[in-house]
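A.B. asks:
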Amino acid sequence: MQALILEQSEGKTLANVRQIQADALPQGEVTIDIAWSGLNYKDALAITGKGKIIRQFPMVPGIDFAGTVHHSEDPRFHAGQSVLLTGWGVGENHWGGLAEQARVKGDWLVPMPQGLDARKAMIIGTAGLTAMLCVMALEEGGITPESGEVLVTGASGGVGSTAVSLLNALGYKVAAVSGRESTHDYLRALGASEILPRSAFSADARPLEKQRWAGAIDTVGDKVLASVLAQMNYGGVVAACGLAGGVNLPTSVMPFILRNVRLQGVDSVNTPVERRIIAWERLTRTLPESFYQQATREISLTEAAENAAKLLNNAITGRTLVKIG
Ligand code: NDP
631 MQALILEQSE GKTLANVRQI QADALPQGEV TIDIAWSGLN YKDALAITGK GKIIRQFPMV
691 PGIDFAGTVH HSEDPRFHAG QSVLLTGWGV GENHWGGLAE QARVKGDWLV PMPQGLDARK
751 AMIIGTAGLT AMLCVMALEE GGITPESGEV LVTGASGGVG STAVSLLNAL GYKVAAVSGR
811 ESTHDYLRAL GASEILPRSA FSADARPLEK QRWAGAIDTV GDKVLASVLA QMNYGGVVAA
871 CGLAGGVNLP TSVMPFILRN VRLQGVDSVN TPVERRIIAW ERLTRTLPES FYQQATREIS
931 LTEAAENAAK LLNNAITGRT LVKIG
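When the letters of the sequence shown are read in order and numbered with the working numbering, they come out as residues 631 to 955.
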């Protein structure tokens, strides 16, 4: 089987597509023939070595994949069954999806929801699952389309673009924050009714600013998240899932203690399987058919490394799919 193998040499990460024996795959109950994988921000950090994602080499990256079961020792799965996987540290500390096969725990797999196929599942991918979990976090905080406008930051990225599309389909008025002029038409087509430049959120935030947003999904962190918090309506909810702009959060307690703002963290990696199944079913039901046609690029396994660098340079819009099978 072919796999993208990451190795370390003199402190640098090397990424090469190699032919390996299938029996080199790690332990697990289910072996999957991978049809599609995706290129995520975390994969890009791992492949380029720009982030300390991988601690054990050699490693096959790829934090999400979809395909069919080749062989299963777990009675919940059978050969030929269509499945998908995101998270659980796969592609980080267990060989991942940028290969023709993977072997994983049955507990990590989600049966393909009815109405979805492997390619569509990877258009959604980890990014889309995270966007749905963020929407669920806003709903659980009591936010409805009647509450007011919802802001999405890093809007033209994988998480942001799916969040814009989901919120629009659910009847929310969506404002998008993007650092790129070139993505405005794309964001409007996804359902953003207003697009704000990233520069408007990049200055040091005052503790409180004019109230503008009922809800927000933040994929950026740092000063952008601090500005968003300062602009939330009384009782507003922010779902924070990302750090594309940095890991810091230079804010104060003011939005929390004077405006009753709730900041809800969102993690998709260790989300319990029951919540994943709900999220995947909702994604399948909610995303319009047009979502799957918009800004999806297809690359081969051998093109993954160069595209990882482009992704980190913010030169890619939407999802990058890796065609394997
Ligand atoms: P992408 O690279 O596809 O998108 C990130 C977007 O953020 C970019 O498209 C860009 O949008 C914006 N951005 C990039 N650099 C900066 C910067 N320096 N300052 C401000 N904005 C910036 O990544 P994903 O959508 O896949 O992931 C987004 C974030 O969410 C990442 O940090 C990722 O690690 C995290 N994540 C977290 C998960 C979890 O479980 N918590 C799961 C998946 C992702 P624009 O050009 O429109 O401004």
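No residue lacks a Cβ here, since even glycine has one placed at the ideal position from N, Cα and C. Keep in mind the model is a prediction, meaning the values are calculated, not measured.
#1: Would you say the beta carbon of residue 840 is closer than 7 angstroms to some non-hydrogen atom of the ligand NDP?
#2: Alpha carbon to alpha carbon, how far is residue 803 from residue 778? Give it in angstroms, no decimals.
#3: Is residue 714 near the ligand NDP, going by C-beta to nearest heavy atom under 7 angstroms?
#4: Could you say if the segment 867 to 875 and the segment 810 to 823 meet the contact criterion of at least three C-beta pairs nearer than 8 angstroms?
#5: For a quick check, are the C-beta atoms of residue 676 and residue 684 less than 8 angstroms apart?
#6: How big is the Cα-Cα spacing for residue 666 and residue 919?
#7: Between which residues of its own chain and residue 798 is the CB-CB distance below 6 angstroms, once the five residues before and five after are set aside?
#8: So what's residue 923 in DSSP terms, helix, strand or just coil?
#9: Report whether the distance from the Cβ of residue 897 to the nearest heavy atom of the ligand NDP is below 7 angstroms.
#10: Near residue 835, what residues of its chain come up, given a Cβ to Cβ distance below 6 angstroms and the 5 sequence neighbours on each side ignored?
#11: Using beta-carbon positions only, say whether residue 849 and residue 784 come within less than 8 angstroms of one another.
#12: Classify residue 724 as buried or exposed, calling it buried when 16 or more other Cβ atoms lie within 10 Å of its own Cβ.
#13: Between which residues of its own chain and residue 929 is the CB-CB distance below 8 angstroms, once the five residues before and five after are set aside?
#14: With a floor of 3 residues, list each beta strand (DSSP E) that falls wholly inside the segment 873 to 907, ordered by position along the chain.
#15: So residue 812 is in the beta strand (DSSP E); what residue range does that whole segment cover?
#16: Which stretch, first to last residue, makes up the beta strand (DSSP E) that contains residue 954?
#17: Under the three-state reduction of DSSP, which class applies to residue 689: helix, strand or coil?
#18: For residue 691, count the other beta carbons within 10 Å of its own beta carbon; 16 or more makes it buried, fewer makes it exposed. Which is it?
#19: Would you kindly work out how many angstroms separate the C-alpha atoms of residue 927 and residue 935, rounded to a whole number?
#20: Where are the alpha helix (DSSP H) runs, 4 residues long or more, that stay fully inside the segment 819 to 881, in chain order?
C.D. replies: Let's see:
#1: Reading the sequence shown from its first residue, position 210 is the one you call residue 840. The nearest non-hydrogen atom of the ligand NDP is 7 angstroms or more from the C-beta of residue 840.
#2: Here residue 778 refers to the residue found at position 148 of the sequence shown. Here residue 803 refers to the residue found at position 173 of the sequence shown. Rounded to whole angstroms, residue 778 to residue 803 spans 7 angstroms at the Cα level.
#3: Numbered from its first residue, the sequence shown carries residue 714 at position 84. For the ligand NDP, not one heavy atom lies less than 7 angstroms from the Cβ of residue 714.
#4: The way I'd put it, the segment 867 to 875 doesn't touch the segment 810 to 823; fewer than three beta-carbon pairs between them come closer than 8 angstroms.
#5: Position 46 of the sequence shown holds residue 676. Position 54 of the sequence shown holds residue 684. A contact, by the Cβ cut-off of 8 angstroms.
#6: By 1-based counting over the sequence shown, the position of residue 666 is 36. By 1-based counting over the sequence shown, the position of residue 919 is 289. Taking the straight line from one Cα to the other gives about 19 angstroms.
#7: Here the question's residue 798 lines up with position 168 in the sequence shown. Here the set comprises 804 and 821.
#8: For this step, residue 923 is matched to residue 293 along the sequence shown. Of the three classes helix, strand and coil, the one that applies to residue 923 here is helix, per DSSP.
#9: Here residue 897 corresponds to residue number 267 of the sequence shown, with the count starting at 1. Residue 897: yes, Cβ under 7 angstroms from the ligand NDP.
#10: Taking the first residue of the sequence shown as position 1, residue 835 is located at position 205. Correct list, in chain order: 856, 857 and 860.
#11: Along the sequence shown, read from residue 1 onward, the residue named residue 849 stands at position 219. Along the sequence shown, read from residue 1 onward, the residue named residue 784 stands at position 154. Yes. Within cutoff.
#12: As a position in the sequence shown, residue 724 is number 94, starting the count at 1. Counting other Cβ atoms within 10 Å of its Cβ, residue 724 reaches 16 or more and is therefore classed as buried.
#13: Counting from one through the sequence shown, the residue named residue 929 turns up at place 299. Here the set comprises 669, 937, 950, 951, 952 and 953.
#14: Whole beta strand (DSSP E) segments, 3+ residues: 892 to 895.
#15: Taking the first residue of the sequence shown as position 1, residue 812 is located at position 182. Boundaries cannot be given for residue 812, as no beta strand (DSSP E) includes it and DSSP labels it neither H nor E.
#16: One-based indexing of the sequence shown puts residue 954 at position 324. Counting along the chain, residue 954 falls outside any beta strand (DSSP E), and DSSP gives it neither H nor E.
#17: Counted from its first residue, the sequence shown places residue 689 at position 59. In the structure shown, residue 689 adopts extended strand secondary structure according to DSSP, grouped into three states.
#18: Reading the sequence shown from its first residue, position 61 is the one you call residue 691. Here residue 691 is buried. Its C-beta has 16 or more other C-beta atoms within 10 Å.
#19: By 1-based counting over the sequence shown, the position of residue 927 is 297. By 1-based counting over the sequence shown, the position of residue 935 is 305. Going from the Cα of residue 927 to the Cα of residue 935 covers about 15 angstroms.
#20: Within the segment 819 to 881, the runs of alpha helix (DSSP H) that reach at least 4 residues and sit entirely inside it are, in chain order, 852 to 860.
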